[in-house]
Every structure is written in C-alpha cells, then in structure tokens.
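J.: Residue numbers (our numbering): 54 to 168. Heads up, the beta-carbon is just placed ideally off N, CA and C, and yes, glycines get one too. Mind looking over this structure? Questions follow.
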C-alpha cells in the first residue's frame, strides 16, 4: 500500500484520537498531545513510554486495518490483545486502602449463650 501524505495525516489523527480515549485519569502512557489537534505532525515526539509502546502500536495497527477495510491477520489480533492487556496491567492504578473508622464493620457479637 502506498501512503499519501493525507493517509499519513489521517493515521496520525487516528493515533491522537486513540490516545485521547486511552489516556485517562487512571492511565498515563506519556503521550504528548499537540496543543491544537490540527497541529500534529509526523516529526513530533510521541513521548510514549517504552513499556506501553507495544500495546499502543498494536492497537493502532488494528484501527488502521479498520480504516482501510482490511481484515487483520489472526496473529495480529492475538498479539494486539496480549500487548494491550499487558499494558493495562502495568499501568492500572489501584487506589490504596486507607484506615478509617467509617469502613470498619461493627457487628453485634455472638448472641448465643452457653450455660
């Protein structure tokens, strides 16, 4: 497939959109967004953290297949699923449990009396 400059810009916009969806308060993959969505260029630094690169690139490959109406190979589907799940596992943010009297369950104790 020969990519035109318009195709490359469409793919870059797809990456920007995908990263806006993925990079939420719980997940920060280091992606550097352009100040204006129309100002993204192929030469810009992505800033994607190394351990997130595989998951993001595989997910982008699946989206590119979808854009061009191509059926992704089974191997790509499997690799994308594995890489994406591994990335989310690494970056999941589990809040710490804090001690509070509000979250302590107070029971009534054992009511059975033995005489």
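Take the Cβ of residue 123 as the centre, count every other Cβ of all protein chains shown within 10 Å, and call the residue buried at 16 or more, exposed below.
T.: exposed
J.: For residue 102 versus residue 83, is the C-beta distance shorter than 7 Å?
T.: yes
J.: Along the chain, where does the alpha helix (DSSP H) containing residue 106 start, and where does it finish?
T.: 106-120
J.: Within this structure, are the beta carbons of residue 133 and residue 115 separated by less than 7 Å?
T.: yes
J.: Is the Cβ-Cβ distance between residue 95 and residue 61 less than 7 Å?
T.: yes
J.: Candidates 118, 128 and 108: which alpha carbon is nearest residue 140's?
T.: 108
J.: Using 10 angstroms around the beta-carbon of residue 128, count the other beta-carbons present and answer buried if the total reaches 16, otherwise exposed.
T.: exposed
J.: Look at the alpha carbon of residue 147 and the alpha carbon of residue 79, and state the distance between them as a whole number of angstroms.
T.: 9 Å
J.: Rounded to the nearest angstrom, what separates residue 89 and residue 66 at their Cα positions?
T.: 11 Å
J.: At what residues does the alpha helix (DSSP H) containing residue 62 begin and finish?
T.: From DSSP, the alpha helix (DSSP H) with residue 62 extends over 58-75.
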